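Novice: Sharing a structure, written as structure tokens. Questions coming.
In UniProt numbering, the protein residues as written are 1 to 160.
Right, dumping it as structure tokens:
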């Protein structure tokens, strides 16, 4: 799995392209990638884009990520998935070439960010899936949501 350099996409959103290989076992009986595997592809792209989550036992690897979800958050903040929305645009067939997943930060609100995904076919670049994950910032000790500062919102959205 490889992640590129962050950039502002056509909508002015902070984004990065991640190339995620498909596995033979991801296919279902109909010959396309199973819907559950699509959510796992989202997870793999998200970790490649944002790094290994803080507190997972591999904190040193977070420094290698192209985007930082915890910019300005300080110690003791965790970021958890609270919701996924997935829209299947076309069948995702097994390909030997990786899927291109554009991971973007679509919104930064209150105590959460909306992470966008656009999955493109590795052969013809057709749009296959659009999806969103809502990620909530939580105090690790109390488990309560933590509001983003204006500075964090600007850093997460490319200054918008």
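Even for Gly, the Cβ is constructed at its ideal location relative to N, Cα and C.
Remember, it's a predicted structure, so these values are computed and weren't measured experimentally.
Enumerated in chain order, which unbroken segments of the beta strand (DSSP E) with a length of 3 residues or greater are wholly contained in the segment 85-133?
Specialist: Those beta strand (DSSP E) runs which fall completely within the segment 85-133 and span 3+ residues are 99-109, 112-120.
Novice: DSSP on residue 65, reduced to helix/strand/coil?
Specialist: Three-state result, residue 65: coil.
Novice: Is the CB-CB distance between residue 66 and residue 113 below 8 Å?
Specialist: It is not a contact, given that the beta carbons lie outside the stated cut-off.
Novice: So for residue 151, helix, strand or coil by DSSP?
Specialist: Reduced to three states, the DSSP call for residue 151 is helix.
Novice: Here's the rule: buried if 16 or more other CB atoms are within 10 angstroms of the residue's CB, otherwise exposed. What is residue 152?
Specialist: buried
Novice: How big is the Cα-Cα spacing for residue 150 and residue 116?
Specialist: 21 Å
Novice: Of the residues 4, 9, 3, 2, which one's Cα is nearest the Cα of residue 105?
Specialist: 9
Novice: Need the endpoints of the beta strand (DSSP E) that residue 39 sits in, please.
Specialist: Segment 35-50 is the alpha helix (DSSP H) holding residue 39; no beta strand (DSSP E) there.
Novice: Going by alpha carbons, who is nearest to residue 133 out of 121, 154, 80, 119?
Specialist: 80
Novice: Could you give the distance in angstroms between the alpha-carbon of residue 91 and the alpha-carbon of residue 36?
Specialist: 13 Å
Novice: If residue 20 sits next to residue 101, beta carbons under 8 Å apart, how far is it from one beta carbon to the other, in whole angstroms?
Specialist: 6 Å
Novice: Could you check where the beta strand (DSSP E) with residue 14 kicks off and where it finishes?
Specialist: Element bounds for residue 14: 14-20.
Novice: Does the count of Cβ pairs from the segment 133-148 and the segment 69-85 closer than 8 Å reach three?
Specialist: yes
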